Amino acid sequence: MVAYGFANNSMVKQITTAEQKAASEVANKVAFYMRERFGDIQIMSKLTILTNSQLRGTTSVKDKQAALDSFIKAYGIYDSVALADLQGNVVAQSTGKTLPNSRNRSYFQAALKADGPTLSQPMLSEGSDVLAVYLASPVKDQATGKTIGVMQARLPVKYLRDVILAVDQEENYLLDNQGQIFCCF
Numbered sequence: 001m002v003a004y005g006f007a008n009n010s011m012v013k014q015i016t017t018a019e020q021k022a023a024s025e026v027a028n029k030v031a032f033y034m035r036e037r038f039g040d041i042q043i044m045s046k047l048t049i050l051t052n053s054q055l056r057g058t059t060s061v062k063d064k065q066a067a068l069d070s071f072i073k074a075y076g077i078y079d080s081v082a083l084a085d086l087q088g089n090v091v092a093q094s095t096g097k098t099l100p101n102s103r104n105r106s107y108f109q110a111a112l113k114a115d116g117p118t119l120s121q122p123m124l125s126e127g128s129d130v131l132a133v134y135l136a137s138p139v140k141d142q143a144t145g146k147t148i149g150v151m152q153a154r155l156p157v158k159y160l161r162d163v164i165l166a167v168d169q170e171e172n173y174l175l176d177n178q179g180q181i182f183c184c185f
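In this text, residue positions in the sequence shown follow the working numbering: the first is 1, and each later residue adds one.
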């Protein structure tokens, strides 16, 4: 009976250790993946046709849309990319439903406050009920360095699925910064 108890305790510790290792591996993969997304939004926010005042004024809405569509096509994980002015009005966006004013969205305000790229907590998008993470970054005029707007990109949570499922584990959960589960795979 003592041998069983010792063996059972040993197995429980091994299982717990394996689960902790798998959870750590998932956390590391997701953190790395999201760091790459920070690079994406910074690249998007430096698009010359938006940062150069002369090009910004002469580039057609259609050409700006085509440039933003190219980000969606190239990355394959975003379903919406847009530039909003400092009042939150969308001045350029990728193909799709017209986006609402984003002035009161947390990611918009966070990007302005941080004066740099930010990542939102998972949230439902306005109007389409897509559970997504938003990346946002100030867009600055090349000549003056002044912020002229905020670039925003929507990353549906479903695209995080492949990153998480790459770790061999029975169940995977994504938690927000409050420790609440917002997705299970």
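Glycine included, each C-beta is placed from N, C-alpha and C at the ideal position.
Just so you know, these numbers come straight off a predicted model, no measurement behind them.
Closest in alpha carbon position to S53, among A153, I148, V157, is I148. Of all alpha-carbon atoms in F38, V30, S80, F32, the one lying nearest the alpha-carbon of G127 is that of S80. Within the same chain, Cβ atoms closer than 8 Å to the Cβ of L55 are found at T48, I49, the five residues on either side in sequence being excluded.
Of the candidates Q20, V30, S24, V30 places its Cα closest to the Cα of I164. A straight-line Cα-Cα distance of about 7 Å links Y78 and A153. With respect to the 8 Å criterion, S120 and V133 are classified as neighbours on the basis of their beta carbons.
Shown here, T147 sits in a strand according to DSSP, grouped into three states.
Taking the C-beta atoms as reference points, P117 is found nearer than 8 Å to S137. DSSP, read as helix, strand or coil, puts D40 in helix. Taken through DSSP and simplified to helix, strand or coil, L50 comes out as helix. Between P122 and the set Q65, R37, V157, the nearest pair of CA atoms involves V157. Pairing A66 with Q178, the inter-Cα distance amounts to about 38 Å. Per DSSP, Y75 is one residue of the alpha helix (DSSP H) stretching across 61-75. According to the DSSP assignment, K140 belongs to the beta strand (DSSP E) that extends over 131-140.
Straight across, the Cα-Cα distance linking S45 with L99 is about 18 Å.
Taking the Cα positions, S94 is about 40 Å away from K21.
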